[in-house]
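*Asks:* Going down the list, the sequences are from chains R, C, H, S, Z and E. Letter 31 of the first sequence, counting from 1, is numbered 14 in our numbering, and no numbers are missing. Letter 24 of the second sequence, counting from 1, is numbered 7 in our numbering, and no numbers are missing. Letter 243 of the third sequence, counting from 1, is numbered 226 in our numbering, and no numbers are missing. Letter 197 of the fourth sequence, counting from 1, is numbered 180 in our numbering, and no numbers are missing. Letter 107 of the fifth sequence, counting from 1, is numbered 90 in our numbering, and no numbers are missing. Letter 23 of the sixth sequence, counting from 1, is numbered 6 in our numbering, and no numbers are missing.
6 protein chains.
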Amino acid sequence: MLIHLSSWPEIDERLKSGALLSKTVIVPIGSNEQHGPTGLLGTDWLCPEIIAHAAEKGDDSLVITPTFNIGMAQHHLAFPGTITLRPSTFMAAIADWVSSLTRHGFERIYFLNGHGGNVATIEAAFAEIYADWSFTPEPWAERPPFVLKLRNWWDLPGVQKLCEDIFPTGHGSHATPSEIAVTQAGYPDRIKTADYEPKIAPFGPIRDANDYRARFPDGRIGSDPAQATPEKGQRIIDAAVPALIRDLTDFAQEVLPVA
Amino acid sequence: MLIHLSSWPEIDERLKSGALLSKTVIVPIGSNEQHGPTGLLGTDWLCPEIIAHAAEKGDDSLVITPTFNIGMAQHHLAFPGTITLRPSTFMAAIADWVSSLTRHGFERIYFLNGHGGNVATIEAAFAEIYADWSFTPEPWAERPPFVLKLRNWWDLPGVQKLCEDIFPTGHGSHATPSEIAVTQAGYPDRIKTADYEPKIAPFGPIRDANDYRARFPDGRIGSDPAQATPEKGQRIIDAAVPALIRDLTDFAQEVLPVA
Amino acid sequence: MLIHLSSWPEIDERLKSGALLSKTVIVPIGSNEQHGPTGLLGTDWLCPEIIAHAAEKGDDSLVITPTFNIGMAQHHLAFPGTITLRPSTFMAAIADWVSSLTRHGFERIYFLNGHGGNVATIEAAFAEIYADWSFTPEPWAERPPFVLKLRNWWDLPGVQKLCEDIFPTGHGSHATPSEIAVTQAGYPDRIKTADYEPKIAPFGPIRDANDYRARFPDGRIGSDPAQATPEKGQRIIDAAVPALIRDLTDFAQEVLPVA
Amino acid sequence: MLIHLSSWPEIDERLKSGALLSKTVIVPIGSNEQHGPTGLLGTDWLCPEIIAHAAEKGDDSLVITPTFNIGMAQHHLAFPGTITLRPSTFMAAIADWVSSLTRHGFERIYFLNGHGGNVATIEAAFAEIYADWSFTPEPWAERPPFVLKLRNWWDLPGVQKLCEDIFPTGHGSHATPSEIAVTQAGYPDRIKTADYEPKIAPFGPIRDANDYRARFPDGRIGSDPAQATPEKGQRIIDAAVPALIRDLTDFAQEVLPVA
Amino acid sequence: MLIHLSSWPEIDERLKSGALLSKTVIVPIGSNEQHGPTGLLGTDWLCPEIIAHAAEKGDDSLVITPTFNIGMAQHHLAFPGTITLRPSTFMAAIADWVSSLTRHGFERIYFLNGHGGNVATIEAAFAEIYADWSFTPEPWAERPPFVLKLRNWWDLPGVQKLCEDIFPTGHGSHATPSEIAVTQAGYPDRIKTADYEPKIAPFGPIRDANDYRARFPDGRIGSDPAQATPEKGQRIIDAAVPALIRDLTDFAQEVLPVA
Amino acid sequence: MLIHLSSWPEIDERLKSGALLSKTVIVPIGSNEQHGPTGLLGTDWLCPEIIAHAAEKGDDSLVITPTFNIGMAQHHLAFPGTITLRPSTFMAAIADWVSSLTRHGFERIYFLNGHGGNVATIEAAFAEIYADWSFTPEPWAERPPFVLKLRNWWDLPGVQKLCEDIFPTGHGSHATPSEIAVTQAGYPDRIKTADYEPKIAPFGPIRDANDYRARFPDGRIGSDPAQATPEKGQRIIDAAVPALIRDLTDFAQEVLPVA
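1) Indicate the three-state DSSP secondary structure (helix, strand or coil) for residue -2 (chain H) in the structure shown.
2) Beta-carbon separation of residue 90 (chain R) and residue 51 (chain R) under 9 angstroms?
3) From residue 245 (chain R) to residue 70 (chain R), what does the alpha carbon distance come to, in whole angstroms?
4) Does the beta carbon of residue 18 (chain C) come closer than 9 angstroms to any beta carbon on chain R?
5) For the putative contact between residue -12 (chain R) and residue 23 (chain C), defined by C-beta atoms under 8 angstroms, what is the C-beta separation to the nearest angstrom?
6) What is the residue span of the beta strand (DSSP E) that residue 45 (chain C) lies within?
7) Excluding sequence positions up to five away, which residues of its chain have a Cβ less than 6 angstroms from the Cβ of residue -5 (chain E)?
8) With C-beta atoms as the reference, is residue -10 (chain R) less than 9 angstroms away from residue 18 (chain C)?
9) So which residues of chain Z does residue 128 (chain H) contact, with C-beta pairs closer than 7 angstroms?
10) Contact defined as beta carbons within less than 8 angstroms: I believe residue 222 (chain C) pairs with residue 141 (chain C). What is the distance between those atoms, to the nearest angstrom?
11) Residues of chain Z with CB under 8 angstroms from residue 117 (chain R), in chain order?
12) State the DSSP-derived secondary structure class of residue 120 (chain H), mapped to helix, strand or coil.
13) Between which residues of its own chain and residue 189 (chain Z) is the CB-CB distance below 7 angstroms, once the five residues before and five after are set aside?
14) So that I know if they touch, is there some Cβ in chain S lying closer than 9 angstroms to that of residue 124 (chain C)?
15) For residue 242 (chain Z), count neighbouring Cβ atoms within 10 angstroms of its own Cβ and tell me buried if that reaches 16, exposed if not.
16) Identify whether residue 34 (chain H) lies in helix, strand or coil by the three-state DSSP scheme.
17) If you run the structure through DSSP and keep just helix, strand and coil, what is residue 195 (chain R)?
18) What residues of chain H sit near residue 62 (chain S), judged by a beta carbon separation below 7 angstroms?
19) Hey, how far is the Cα of residue 151 (chain E) from the Cα of residue 118 (chain S)?
20) Which residues bound the beta strand (DSSP E) around residue 131 (chain R)?
21) Would you mind working out which of Z:56, Z:5 and Z:35 sits nearest residue 134 (chain Z), comparing C-alpha positions?
22) Indicate whether at least one CB of chain E lies closer than 9 angstroms to the CB of residue 44 (chain C).
23) Can you check whether the C-beta of residue 57 (chain Z) is within less than 9 angstroms of a C-beta belonging to chain S?
24) For residue 148 (chain S), which residues from the same chain have a beta carbon less than 7 angstroms from its beta carbon, with the 5 sequence-adjacent residues on both sides left out?
25) Does the structure place the stretch 65 to 82 of chain C close enough to the stretch 94 to 112 of chain C that three or more beta carbon pairs sit under 8 angstroms?
26) DSSP on residue 169 (chain E), reduced to helix/strand/coil?
27) So which residues of chain Z does residue 82 (chain H) contact, with C-beta pairs closer than 7 angstroms?
28) If I follow the unbroken alpha helix (DSSP H) through residue 224 (chain R), where does it start and stop?
29) Provide the residue span of the beta strand (DSSP E) that contains residue 7 (chain H), from first to last.
30) Whole beta strand (DSSP E) runs in the stretch 55 to 108 of chain C with 3 or more residues, listed along the chain?
31) Please identify, using Cβ separations under 7 angstroms, the residues of the stretch 164 to 198 of chain S that lie next to chain Z, in order along the chain.
32) Which same chain residues, not among the five before or five after residue 211 (chain S), have their C-beta less than 7 angstroms away from its C-beta?
33) In the DSSP output, what is residue 51 (chain R) paired with across the bridge?
34) Between residue 198 (chain H) and the rest of its own chain, which residues show a CB-CB distance below 6 angstroms, the 5 nearest in sequence each way excluded?
35) What are the boundary residues of the alpha helix (DSSP H) that residue 149 (chain Z) is part of?
36) So which residues of chain S does residue -5 (chain H) contact, with C-beta pairs closer than 9 angstroms?
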């Protein structure tokens, strides 16, 4: 169930249905940023969207929000097409999404993330949100009526291992062949090629935008994305979809401890 | 040219091309909020996306960002599925989008808006962005190296008139048959029906979320959306596309006055 | 009843009186900004103050706060004497005024506005204030104990029509003869004259401060303010006063719907 | 020269005149808050306004902004009619006023304050404003092109002493007979009387709003305001006016050291 | 009881003990900033820490937080080693400390301050914290469950007088011999000497960082710190310790009025 | 060289000395939060302080700021004695520290961290700081004049391995025997004992404060801290000190790439 392609009475009915996943919602979240000489700028938000929508196709009990498509990408700003939120803005926006969803009665909010550079800020955002509840003085202190979970799509059980099996060398950490393969499976008419060297890009620290571009002139980190094919991407998607459904179901069923 | 389905070298090349629209960029912007008993929750961001993407299909010189899909919808929060940013968050996010795009050299940023409830906050955001430049003390005071423009898709020349011609009664101002028709043209497999009454919803002031739901129990304001059909939607799109291209071209060519 | 010329027991008594307007309060709000070669910098806050105070003179049941005299005028900053708040500051200040007044038990807060450039930010401020309530998760979600209303003085029933009747040409949208006439009626010893041309100033878009000054070198937009006289201003005031009292009374009597 | 009763060309001319006070501006600043059983709620912004305007009447070389009429009065919020800004809002607003005035070329900004409770936040605001400049890294670090000064009207040379001479007992620190006398001189038709006891109110610490009202049930601290008369108020004004002009002139003439 | 050298069960036990000081906590707070040619950069946070820890050694019923060691020192930023928070950051941090401590049940929070430049911002922070409670609309308005108190160590009863007796000339207001003596008593192996002139530094206004350095080239204001000795410092500490314990006990025992 | 026990001329001289580490500075940073039934509440800021100060004792070329002793500990707030900053406050404070240090000419700022829960927010803070530079539009875009580095003390080369060798079972991730051993070495008179069970605490997810306490009733995660001894702590310190000096030297010598 894609929220944006549903009507509000449909969402209302689902929330009140009592079904296992009725109060659990997936937020595909990523970033719009350079992905090397051949990767799509949308790679990091397209990947979780592709995987989440594929899962929903096979199992309509999933509820999925629109994709949160701009994240924390300040280090990529020296490459045209990158759009970023400052961490403080990103945190405020995540808080507002969570407030909106919990207002409706969603109790477990699952962020399926496509950008490693988002992780720190999303975790900080969760802590900022929880702090509103943690700061309530006794005797009013109580638990928030919701739980937040962050999961990178490559950390879904079995997925990272599969990616490394498919791409034993030159996987790297940015503009990786696995993420580019996933977008090729999703958008086979948008496959791009380019000459680049070295074949495998260097590694190094991530700092501000200008430093990044000086270290990684074409944007890649440690990767050789030309290895990507739509077929390899489809294999990754096929592995990620059931892993997502299982992971989400576990999250929905998790018993919360009581003090 | 959809930024998210392009690589950074493609955007770089376009920016340096010297073409008429090379430094102008469209941001489709909307909201994810209830649209009555039959409208899609995504209506307000799907409409500008549908129109902008249709325009780009016919004219690849347009550069289009990912869709800014969550806007200011606090008054719809009593209906499940609505997601909103607080105005302050919305303003911060718009500022970050603008900072990102102007960093790359885009000089004219055109927001194609799909939600009337966004207008006030987008205008406030523009003023907040400009204020950073306006506050620079003399003798350093100078113009920002960019210009911002907001255009609601229904205000594109000729479009509102067409909508009223197609729907002479029961157009209303929220969950209108014209916006629902546009989404039906874009997503013909997601057309929904429902019994509702009165046939034409009431009008009234917009305040907080609970007040809104009490006044407008099914979410509509002044509209009878059952009049929508995909064909009518396509007529609107077909009128909006050339109007958008002309309006954008005028914006790109506008000569800025010098003091 | 002007709050600042009253003692707190007087306000307390009024609040507890049970009178029709006892929990309704007027906030005159405007801006301090250039008004062309002859207009007073205070025009936009003096006008609503003049009208509101005139109304209070004839009907002591009105409760009026001090005038909120600085608003959103960043686009006028290239003209000396203009003072502006950034939109974010303006929103925070409006929220604090509202929190203060609702703390005392005022339930209907009526902003009588004198500056078109304030409208977007005031509306954004209202949404920001309401969002605090809208974000409360179920089952605690409830209505805020107050209602906010924005009314531009020229939108009081009949007033805009009268202004256009008095000034059929060269009314324009900034430094209009009608607003200048109102200040002339209020401050007849501060009437200024100047040679300017063209007689009727141009129209155009509003952007940052330097752009504004380049487009509108003497500050006027579309107006010929030399048509103003104190007598014409008094006619406008005389029409606005009863319209304000009726509009305010309607607001105080409005029945709020219950879901 | 009252900015709000001037046109922008008049301010422009003054700024460029080269006169001693041409780049110095007075901001009357205060608070709208309870002032005991008989004091006007506007006392703290009316007093600096009365004094500053009286000074300007005698010496047109003074440039005076509109009055900053809402300050930091959270501790008075349990009394109806009080309006406050949170300190963070107050600081942001002061920063915007300063940015606006320095944009025009004013170099020395003199805040004539009427509320002791404002002092801490105004000083914090000054430091916040200066910090923008202080944080500039070497080698760009430079002085801000303006200087800020805070002066309470009762701290103008000789004024506090005069107040104590006129009211040797029961002067107190809130709702003092001297401030009430100044407003009586300014608004002789708004003099109020009330029975209160004890004749001289108690002293005590200032904390949150509810604590304040419990300690000081009628709002006074240490004062017996019934001693006020318009004549005594005029004596205070007559002493404050020349002291203000001297103090302002000293400020305008102060030579800034160079490292 | 130093919180950071205790375990949480020890703090828990103390909070529940019912002892006189069990719900009162001391926060030593200061600044890290230049203190003239011989003073330690940490002087302003070391002094309250030295005094509070000395008090705790003699009376374990005191509960003391870690030292808040960075305060508001923007005016000292032209001297290397100074670290400051902007006032807005400082206020947010104080609010978070207070929220944390009141969450645990501490009801009276006593800030023992070592930096005059902190006073304004700490007072503004208190007001900001209280405002959250003061803004609660009736009928929910209630008192915060805690009380905040600021005490400069030199304002502890008898201490300022002792300092002036020990240093009748050249005490000054920054890099004073008394504060330097206290650090010499605490860190006798870190005593520094330097030639400086004039023997007694000048006085003057405090503005931005560059202005400060131009006025006070070696950082001192009005002081001759070479008079400091560890023995004199110990005398000051010996006077401050019992004064602190008495002052704290009075604060813990103060009966709060009820409206 | 401990900044707080130095004078500003000493820091000034060091900055200008041209020595290898003269423009590099260490910020010990941690948290004040519960550390199980026996751990000190200050553990996470004491550990980096102990290690950094030990390093400075052996090598005076190190420059060390005061310890940043309150971090992000909202999840520990259900245990008395914990003090936290919200992530947004923590980020603002880190930005101010960095602005202060870079104002003086420090070019490489090395955060030696003692709290895993700080990592996300510190990284978000770095990105927020860099974003100010990354957002500068072309052609002014340039690199910030400083580089930031975060290093957890246990991630210093060889240290984590040593900790696991010393504590092969029951090391866990919060209130670990290694961190407690380090504090025992630093504060041998503050060693605490307690009965607790299970001997090895459980693992689990980290969410809000109340959830944490329900999952981990005595505060430990996966650890058996009774294994700690001062001797083991000293071994860890002895390994960490040279690793820190090497790591810092590498950082100071790192050649920054130029685009």
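Idealized CB from N, CA, C, for every residue including glycine.
*Replies:* In terms of the structure at hand:
1) The count along the third sequence starts at 1 and reaches residue -2 (chain H) at position 15. DSSP places residue -2 (chain H) in helix when its eight states are reduced to three.
2) Within the first sequence, residue 90 (chain R) is the residue found at index 107, counting from 1. Within the first sequence, residue 51 (chain R) is the residue found at index 68, counting from 1. Not in contact: residue 90 (chain R) and residue 51 (chain R) (Cβ atoms no closer than 9 angstroms).
3) Given a span of -16 to 242 for chain R in the structure shown, any question on residue 245 (chain R) remains unanswerable.
4) Counting from one through the second sequence, the residue named residue 18 (chain C) turns up at place 35. So, interface residue.
5) Within the first sequence, the letter at position 5 stands for residue -12 (chain R). Within the second sequence, the letter at position 40 stands for residue 23 (chain C). 6 angstroms between Cβ atoms; contact.
6) The residue you call residue 45 (chain C) lines up with position 62 of the second sequence. Taken as a continuous stretch (DSSP letters only), residue 45 (chain C) belongs to no beta strand (DSSP E), as it is neither H nor E.
7) Taking the first residue of the sixth sequence as position 1, residue -5 (chain E) is located at position 12. Answer for residue -5 (chain E): no residue qualifies.
8) Stepping through the first sequence from its first residue, residue -10 (chain R) is reached at position 7. Stepping through the second sequence from its first residue, residue 18 (chain C) is reached at position 35. Contact: yes.
9) In the third sequence, counting from the first residue as 1, residue 128 (chain H) sits at position 145. Correct list: 120.
10) Start at 1 with the first residue of the second sequence, and residue 222 (chain C) comes out as number 239. Start at 1 with the first residue of the second sequence, and residue 141 (chain C) comes out as number 158. Yes, they are in contact, since the Cβ atoms of residue 222 (chain C) and residue 141 (chain C) sit about 6 angstroms apart, within 8 angstroms.
11) Here residue 117 (chain R) refers to the residue found at position 134 when the first sequence is read from its first residue. The answer, in chain order, is 86.
12) Numbered from 1 along the third sequence, position 137 holds the residue referred to as residue 120 (chain H). Looking at residue 120 (chain H) - three-state DSSP - the assignment turns out to be coil, as it is neither helix nor strand.
13) Residue mapping note: residue 189 (chain Z) aligns to position 206 of the fifth sequence, counting from 1. The residues are 58 and 195.
14) Taking the second sequence and counting its residues from 1, one reaches residue 124 (chain C) at position 141. Yes, residue 124 (chain C) lies at the interface with chain S (some Cβ there is under 9 angstroms from its Cβ).
15) If you number the fifth sequence from 1, residue 242 (chain Z) lands on position 259. By the 10 Å Cβ count, residue 242 (chain Z) comes out exposed.
16) Along the third sequence, read from residue 1 onward, the residue named residue 34 (chain H) stands at position 51. It is helical.
17) If you number the first sequence from 1, residue 195 (chain R) lands on position 212. Helix at residue 195 (chain R).
18) Indexing the fourth sequence from 1 puts residue 62 (chain S) at position 79. Going along chain H in sequence order, the residues near residue 62 (chain S) (Cβ under 7 angstroms) are -9.
19) Within the sixth sequence, numbered from 1, the residue matching residue 151 (chain E) stands at position 168. Within the fourth sequence, numbered from 1, the residue matching residue 118 (chain S) stands at position 135. Rounded to whole angstroms, residue 151 (chain E) to residue 118 (chain S) spans 48 angstroms at the Cα level.
20) As a first step, residue 131 (chain R) is located in the first sequence; it is residue number 148 there, counting from the start. Counting along the chain, the beta strand (DSSP E) containing residue 131 (chain R) begins and ends at 130 to 135.
21) Against the fifth sequence, residue 134 (chain Z) aligns to sequence position 151. Per the Cα distances, Z:35.
22) In the second sequence, counting from the first residue as 1, residue 44 (chain C) sits at position 61. Chain E contact via Cβ: absent.
23) Residue 57 (chain Z) sits at position 74 when you count from the first residue of the fifth sequence. So yes, residue 57 (chain Z) belongs to the interface.
24) Translated into positions along the fourth sequence, residue 148 (chain S) becomes position 165. None.
25) yes
26) Taking the sixth sequence and counting its residues from 1, one reaches residue 169 (chain E) at position 186. Of the three classes helix, strand and coil, the one that applies to residue 169 (chain E) here is helix, per DSSP.
27) Translated into the one-based positions of the third sequence, residue 82 (chain H) becomes position 99. What residue 82 (chain H) touches in chain Z: 118.
28) Walking along the first sequence from the start, residue 224 (chain R) turns up at place 241. Note, residue 224 (chain R): alpha helix (DSSP H), 213 to 236.
29) Stepping through the third sequence from its first residue, residue 7 (chain H) is reached at position 24. Segment 7 to 12, the beta strand (DSSP E) holding residue 7 (chain H).
30) 91 to 96
31) 190, 191, 192, 193, 194, 196, 197 and 198
32) Along the fourth sequence, one-based indexing puts residue 211 (chain S) at 228. Within the same chain, residue 211 (chain S) has close Cβ partners 160, 163, 164 and 167.
33) To locate residue 51 (chain R), count along the first sequence from 1; it is residue 68. Paired residues: R:12.
34) By one-based count along the third sequence, residue 198 (chain H) stands at place 215. Closer than 6 angstroms at Cβ, skipping near neighbours: 187.
35) The residue you call residue 149 (chain Z) lines up with position 166 of the fifth sequence. Taken as a continuous stretch (DSSP letters only), the alpha helix (DSSP H) holding residue 149 (chain Z) covers 142 to 149.
36) The count along the third sequence starts at 1 and reaches residue -5 (chain H) at position 12. Within 9 angstroms Cβ-Cβ: 62, 63 and 64.
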